[in-house]
Structures are given as structure tokens and as C-alpha cells.
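*Asks:* First, the structure itself, so that you have it in front of you.
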Amino acid sequence: MSYELYYWDGLQGRGEFVRLALEEARAEYIEVARGDEGEGLGTAKMLEVMSSKREAHPPFAPPFLKDGNLLISQTANILFYLGPKLGLAPADEGLRYVANGLQLTVADVVTEVHDTHHPLASGLYYEDQKDAAKTRADDFIDNRIPKFMHYFERVILQNTQSDAHLVGNRLTYVDLSMFQLIDGLHYAFPRAMKRFGVHYPLLAGLHDAVAARPNIAAYLASERRLAYNKSGIFRHYPELDKAAR
Numbered sequence: 146m147s148y149e150l151y152y153w154d155g156l157q158g159r160g161e162f163v164r165l166a167l168e169e170a171r172a173e174y175i176e177v178a179r180g181d182e183g184e185g186l187g188t189a190k191m192l193e194v195m196s197s198k199r200e201a202h203p204p205f206a207p208p209f210l211k212d213g214n215l216l217i218s219q220t221a222n223i224l225f226y227l228g229p230k231l232g233l234a235p236a237d238e239g240l241r242y243v244a245n246g247l248q249l250t251v252a253d254v255v256t257e258v259h260d261t262h263h264p265l266a267s268g269l270y271y272e273d274q275k276d277a278a279k280t281r282a283d284d285f286i287d288n289r290i291p292k293f294m295h296y297f298e299r300v301i302l303q304n305t306q307s308d309a310h311l312v313g314n315r316l317t318y319v320d321l322s323m324f325q326l327i328d329g330l331h332y333a334f335p336r337a338m339k340r341f342g343v344h345y346p347l348l349a350g351l352h353d354a355v356a357a358r359p360n361i362a363a364y365l366a367s368e369r370r371l372a373y374n375k376s377g378i379f380r381h382y383p384e385l386d387k388a389a390r
């Protein structure tokens, strides 16, 4: 039986962190919002699940994953569930909680990325809050990117089992998520990220190693990998980008 992944059509967004794990493992999955409305799929199906009066615990928002009768919401929670099933979690059970903690920290960064272009309200257009966005983006580039990336670089450095992974001695879903985070930052803030590899060589190496993995490389080159755009989380507005200090 295929997994069913629910996320907004046309967007990488938070759903991309789940897609990367499914693609690396070559798991069978259906992108429900990209399906045929006549077959009961598509965005209407996703909204139906979210507003269902029959679900005991309906999800608040996508992404969410359906595995048989089990419905799981929140990116980190989905990956915590999928990791062992897909061979993308540490073998040591204790380290699985470490991986989950790192994934939650990635989620914190993703929220801050979103807030660079929507600092006042998600319901307002970017054009309605450009001045505040510039202030927020400047602080994000000057302070928040270095704070988070120094931390993640140190996590790899202090991993006693490997200098190529965040947790343990083999690839986990957190490595895939770190690839996506770094990749998105390169798209959104190319000037700020220009010397990323100089400042964070271990993270840069992780990013490049993930991109070169056969299943990931095939996915990135396929039509299934949606392009970054100005409706997603990682958006490139030249006026918000600048060289890092």
C-alpha cells in the first residue's frame, strides 16, 4: 500500500522534507493534491480530510501523511514515524530522539525563513509589509543564519560516529532535511550564502553529498521536484538579500 502525502499543489514547502525521505527510500507514495479529482484525489480531497467530522484527530494543516488508517500531521512528527520504516533513522533508539530534536530545530529555522517575507502577518501580501520584511531579513542574515549554522556545524563536528552526518554513522532523514534547508537558503539569499562553504565546510559537504546520492539526484532532475517560487517558504526577493557580515 502506498503512503498518501497531503500538501499544497505547486509548492515545495514543508512537504518537501517528507518527499526527500520518501524519494531517497524509493518508497511508494501518492501526492494527493496532484492527483485526479475524478479519482477522489486533488486539493479537494486534502481539504475534505482537514475539515472531516469523522476524523477523531483531524490535522490542522498540511503536510500530513496517511498510512493505512493512521493519519500523522506535522513534518517532524511524520519523519519521526517514517524514519525507522524507511531505514532513515538511527539504529540506536536514544539517538532517534536526538534526530527528532534536530528536526524540530530545522523547523524553527524554516519558520524564521518564512517570517523574513511575512514578518507582520501571514494574511498580508509581501508587498504590504516590505519595510518590515527588510528589517527582519537583515537580522536573519546578520544574526540568525550564523547562530543556527554554527550550531549545526558543531553538531557534525561533535558527532563521534561520523564527520559526514548529523546523527550516527549513516544517512538519516535529518541529513536530508539539512540539505533542503541549505538548498533553500542558497535560493532565497544567494549573496548572503556566497561564502557558506568557507564558514561551514562540514554542512556544505553534507549538502553536496546528499545532492549526489543516486535517488536524490534522480529526484532533483525529475518533474516531481517542484521549482522554488514566490508562493513557497524559500523566496528570492533581491531587495531582502545582502552579503553576510
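Numbering (our numbering), first residue to last: 146 to 390.
Built from N, CA and C at the ideal position, the CB exists for glycine as well.
What do you reckon, are the CB atoms on residue 221 and residue 235 nearer than 8 angstroms?
*Replies:* Within the sequence shown, the letter at position 76 stands for residue 221. Within the sequence shown, the letter at position 90 stands for residue 235. For residue 221 and residue 235, no; Cβs fall outside 8 angstroms.
*Asks:* Let's test the definition: count the other Cβ atoms within 10 Å of the Cβ of residue 296 and tell me whether it reaches 16, buried, or not, exposed.
*Replies:* Here residue 296 is taken as the residue at index 151 of the sequence shown, counted from 1. Classification of residue 296: exposed, given that the 10 Å Cβ count is below 16.
*Asks:* Going along the chain, which unbroken runs of the alpha helix (DSSP H) with 4 or more residues stay wholly within the stretch 322 to 363?
*Replies:* You should have 341 to 344, 346 to 357.
*Asks:* So residue 217 is in the beta strand (DSSP E); what residue range does that whole segment cover?
*Replies:* Taking the first residue of the sequence shown as 1, we reach residue 217 at position 72. 215 to 218 is the extent of the beta strand (DSSP E) around residue 217.
*Asks:* If you check the beta carbons only, do residue 151 and residue 189 fall under 8 angstroms apart?
*Replies:* The sequence position of residue 151 within the sequence shown is 6, counting from 1. The sequence position of residue 189 within the sequence shown is 44, counting from 1. The answer is no: Cβ separation not under 8 angstroms.
*Asks:* Got a sec? Which residues, its chain only, sit under 6 angstroms from residue 364 by beta carbon, not counting five neighbours each side?
*Replies:* For the purposes of this step, residue 364 is taken as the residue at position 219 of the sequence shown. Only 168, 370 meet the Cβ criterion.
*Asks:* In whole angstroms, what separates the C-alpha of residue 283 from that of residue 146?
*Replies:* Here the question's residue 283 lines up with position 138 in the sequence shown. Here the question's residue 146 lines up with position 1 in the sequence shown. So the alpha carbons of these two residues sit roughly 47 angstroms apart.
*Asks:* Hey, how far is the Cα of residue 271 from the Cα of residue 320?
*Replies:* For the purposes of this step, residue 271 is taken as the residue at position 126 of the sequence shown. For the purposes of this step, residue 320 is taken as the residue at position 175 of the sequence shown. If you take the alpha carbons of residue 271 and residue 320, they lie about 31 angstroms apart.
*Asks:* Does the separation of the CB atoms of residue 207 and residue 216 fall below 8 angstroms?
*Replies:* For the purposes of this step, residue 207 is identified with residue 62 of the sequence shown, where counting begins at 1. For the purposes of this step, residue 216 is identified with residue 71 of the sequence shown, where counting begins at 1. No.
*Asks:* How long is the line joining the alpha carbons of residue 387 and residue 336, rounded to whole angstroms?
*Replies:* Walking along the sequence shown from the start, residue 387 turns up at place 242. Walking along the sequence shown from the start, residue 336 turns up at place 191. Taking the straight line joining both Cα atoms gives about 5 angstroms.
*Asks:* Leaving aside the five residues before and after residue 162 along the sequence, list all residues of the same chain whose C-beta is less than 7 angstroms from its C-beta, in chain order.
*Replies:* Residue 162 sits at position 17 when you count from the first residue of the sequence shown. Contacts found: 220, 224, 322, 325.
*Asks:* Can you look up residue 175 in the DSSP assignment and give me helix, strand or coil?
*Replies:* On the sequence shown, residue 175 is found 30 positions in, with the first residue counted as 1. It is a strand residue.
*Asks:* So for residue 149, helix, strand or coil by DSSP?
*Replies:* Your numbering for residue 149 matches position 4 in the sequence shown. Residue 149: strand per DSSP, three-state reduction.
*Asks:* Pick from 343, 347, 375, 368: whose alpha carbon is nearest that of residue 329?
*Replies:* By 1-based counting over the sequence shown, the position of residue 329 is 184. If we check each option's Cα against that of residue 329, 375 comes out closest.
*Asks:* Please state whether DSSP places residue 211 in a helix, a strand or coil.
*Replies:* For the purposes of this step, residue 211 is taken as the residue at position 66 of the sequence shown. Residue 211 falls in the strand class under three-state DSSP.
*Asks:* Name the residue from 291, 290, 157, 260 whose alpha carbon lies nearest to the alpha carbon of residue 276.
*Replies:* Here residue 276 refers to the residue found at position 131 of the sequence shown. Comparing Cα-Cα distances from residue 276 to each of 291, 290, 157, 260, the minimum goes to 260.
*Asks:* Here's the rule I'm using: 16 or more other beta-carbon atoms within 10 Å means buried, otherwise exposed. How should residue 359 be labelled?
*Replies:* Within the sequence shown, residue 359 is the residue found at index 214, counting from 1. Result: exposed.
*Asks:* Measuring only the C-alpha atoms, how far is residue 304 from residue 311?
*Replies:* As a working note, residue 304 is residue 159 in the sequence shown. As a working note, residue 311 is residue 166 in the sequence shown. Taking the straight line joining both Cα atoms gives about 7 angstroms.
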